[in-house]
Structures are given as structure tokens and as C-alpha cells.
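*Asks:* If you count the sequence shown from 1, you need to add 8 to reach the numbering used here.
My structure is below; once you've seen it, I'll send some questions.
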Amino acid sequence: FVGHRSSGKSYLLYSGLSLLMQSYPERFTQIDSSSDTRIDSMKRRIDARNDIQTNVANRYRATQLIMTSQRRPLPYHLFFYDVAGEKFNAGSSSHKTAMEFYRNVQSIVFIIDPSMLDTFGTPASPRFTAWAQQNASGEKYKVESSFSVLKDILETVGRKSSKIDFNFVCAKADMGYLQACGYSLTPDEAGVEQFISAELGLTNLVNSARASFNEVHFYAVSAISSNKVGLRRLFSDLLNQRNVSL
Numbered sequence: 009f010v011g012h013r014s015s016g017k018s019y020l021l022y023s024g025l026s027l028l029m030q031s032y033p034e035r036f037t038q039i040d041s042s043s044d045t046r047i048d049s050m051k052r053r054i055d056a057r058n059d060i061q062t063n064v065a066n067r068y069r070a071t072q073l074i075m076t077s078q079r080r081p082l083p084y085h086l087f088f089y090d091v092a093g094e095k096f097n098a099g100s101s102s103h104k105t106a107m108e109f110y111r112n113v114q115s116i117v118f119i120i121d122p123s124m125l126d127t128f129g130t131p132a133s134p135r136f137t138a139w140a141q142q143n144a145s146g147e148k149y150k151v152e153s154s155f156s157v158l159k160d161i162l163e164t165v166g167r168k169s170s171k172i173d174f175n176f177v178c179a180k181a182d183m184g185y186l187q188a189c190g191y192s193l194t195p196d197e198a199g200v201e202q203f204i205s206a207e208l209g210l211t212n213l214v215n216s217a218r219a220s221f222n223e224v225h226f227y228a229v230s231a232i233s234s235n236k237v238g239l240r241r242l243f244s245d246l247l248n249q250r251n252v253s254l
């Protein structure tokens, strides 16, 4: 899970993993957890709307699940990392650990928080711009810059992006940006791709991802909404990308 700080990575990760464990309690077991990675503890903090920003000491510690399958003699060992990918480079004190993560990653969830996007000078649509003016976050960032640095890091560690599945995820869908732009609350992949390209003005970013990565997918998800359709679809598809069937 990669994205700008406060874009919703941790909320999304632990809400999704909690949903998996609640839906399939006989299939999933968490291992090697601490207070900062234990799924049930983190979900309680999310429900209370508490801050769950990743502890620096655990920034590159995977949340690990064992998943059993009746059709497979050995269980799957799944690793989920919550990292601020665009912030880490060779000058970081966590450089070595960060690079180990990028050498092994197989699916990337690239988080976009529409309320944080810097739309100045971009071809964002008038209706999204109007929504953003009313719902803007105090901190802004250029999502294209985050993507560019991510690509640079992968190249630095010798990881071929063509072997990695890439997932665009618009987070915090409960904020209403989809409806404000004429989309349903749970659009399909084609609808989310259209939203990212036409409304956010990120057509070039989408084209760059398609040209670089193995498969590219699109989701709009809320970690806190009672509607779990998008969240369930995202995590089910992430497992399918790794040939893990529920």
C-alpha cells in the first residue's frame, strides 16, 4: 500500500483485512503481530476514528496472514506492507529495509486521496474542481510526482515493473466526490478509470501505468462506510492477482 501521508493507507489496509477475517474466520489467521499490526486492535481504533499512523519502528514490518485452502496442501503466507512509498529513497535512514520491500513486491495498491490533490495547472473537470474547493484538505500533493518517484525506486532496486500488478485506489469515497461528479457510490473499474482520467485529469498517469505495469486495475473505496462492496472487491481482487482464490 503506497501513497502520500494521511491519504488513508492504514485505514484501508486494516479495514480490508478485518473484513476478510470476519468473512472467512476459518480461512485466515494472523501471525507475528504486535500492538501496531494486530488487525482486531487496529480495527477498533478505526471504528473510534483514532489516528493509526504507522509506527516508525514498524514501518516496514509486514502484516502477515496465513490462509488455508482445501484445494492446496500447504497454506498461503500473505504479506501486506503499509509504506509511504513516495517518501523513501537512498538517503532515508530506512533505506535498506525499504529497498527489500520493493525488491519483493508483487501487487501495488497506489492510494489517491482526491481531497488532497493539487489540481492547479491540471485538466481536472469543472465539477471535480468545484467539489475540491469545498472539500479541500489542508495539505496538497501532485500525485504524478508520487508515481514518478515510485517508478524510480523500483528501477533503483532492479525490479521490473512489468512483473508487478498495479491498482489505482481512490480512497475516502464516502466524502462524496463520486456523486458530485455524476458517478455511483460503487462504480465498476471502467467507471473509476473514467473518473480518474476525466474528472481528476490524470489520463497521462493512467497511460503511463498501463505502459509500465503488468495489469492495471481501478477502485474507489471507503474504509469507514457501512457499504463494503468496494472494499470487498478490492481485497478479493488483490488475492486473485496472486492466484489466491477465496
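Yeah, the Cβ is synthetic: ideal placement off N, Cα and C, and Gly gets one too.
Short of 6 Å in beta carbon distance, which residues of its chain neighbour R218, apart from the five on each side in sequence? Order them along the chain.
*Replies:* The residue given as residue 218 occupies position 210 in the sequence shown. Excluding positions up to five away in sequence, the list reads V224.
*Asks:* Counting along the chain, where does the alpha helix (DSSP H) carrying Q249 start and finish?
*Replies:* Taking the first residue of the sequence shown as 1, we reach residue 249 at position 241. Here the alpha helix (DSSP H) through Q249 covers 237-249.
*Asks:* Give me, in chain order, the residues of the same chain whose beta-carbon lies closer than 6 Å to that of Y89; leave out the 5 immediate sequence neighbours on both sides.
*Replies:* Looking up residue 89 in the sequence shown gives position 81. Here the set comprises A70, F109.
*Asks:* Under the rule that 16 or more other beta-carbon atoms within 10 Å means buried, what is V237, buried or exposed?
*Replies:* Working through the sequence shown from its first residue, we reach residue 237 at position 229. Classification for V237: exposed.
*Asks:* Buried or exposed: Y19, going by 16 or more other Cβ atoms within 10 Å of its Cβ?
*Replies:* For the purposes of this step, residue 19 is taken as residue 11 along the sequence shown, with counting starting at 1. Answer is buried; the Cβ neighbour count reaches 16.
*Asks:* Distance, Cα to Cα, P81 vs G184?
*Replies:* As a first step, residue 81 must be located in the sequence shown, where it is residue number 73. As a first step, residue 184 must be located in the sequence shown, where it is residue number 176. Answer to the nearest angstrom: the Cα atoms are 45 Å apart.
*Asks:* State the beta-bridge partners of Y84 as determined by DSSP.
*Replies:* As a first step, residue 84 is located in the sequence shown; it is residue number 76 there, counting from the start. Note: Y84 sits in a beta bridge opposite M75.
*Asks:* May I ask you to report which of helix, strand or coil DSSP gives Q114?
*Replies:* The residue labelled residue 114 in the question sits at position 106 within the sequence shown. In the structure shown, Q114 sits in coil (DSSP, three-state: anything other than H, G, I, E or B).
*Asks:* In angstroms with no decimal places, state the Cα-to-Cα distance between L27 and F136.
*Replies:* Locating residue 27 in the sequence shown gives position 19, where the first residue counts as 1. Locating residue 136 in the sequence shown gives position 128, where the first residue counts as 1. When rounded, the distance between both Cα atoms is 30 Å.
*Asks:* Are V10 and I119 touching if we call contact CB-CB under 8 Å?
*Replies:* Taking the sequence shown and counting its residues from 1, the one referred to as residue 10 is at position 2. Taking the sequence shown and counting its residues from 1, the one referred to as residue 119 is at position 111. The answer is yes: Cβ separation under 8 Å.
*Asks:* Looking only at C-alpha atoms, which of Q187, V177, N222 sits nearest to F243?
*Replies:* Locating residue 243 in the sequence shown gives position 235, counting from the first residue. That would be V177, whose Cα lies nearest to the Cα of F243.
*Asks:* Note down, in chain order, each residue of its chain lying with its Cβ closer than 7 Å to the Cβ of M29, except the 5 sequence neighbours on either side.
*Replies:* Taking the sequence shown and counting its residues from 1, the one referred to as residue 29 is at position 21. Once the five neighbours on either side are set aside, the close Cβ partners of M29 are F36, I47.
*Asks:* Please go through the same chain and pick out, in chain order, the residues whose beta-carbon is closer than 7 Å to the beta-carbon of F87, but skip the five residues on each side of it.
*Replies:* The residue labelled residue 87 in the question sits at position 79 within the sequence shown. Closer than 7 Å at the Cβ level, and outside the excluded window around F87, lie A70, Q72.
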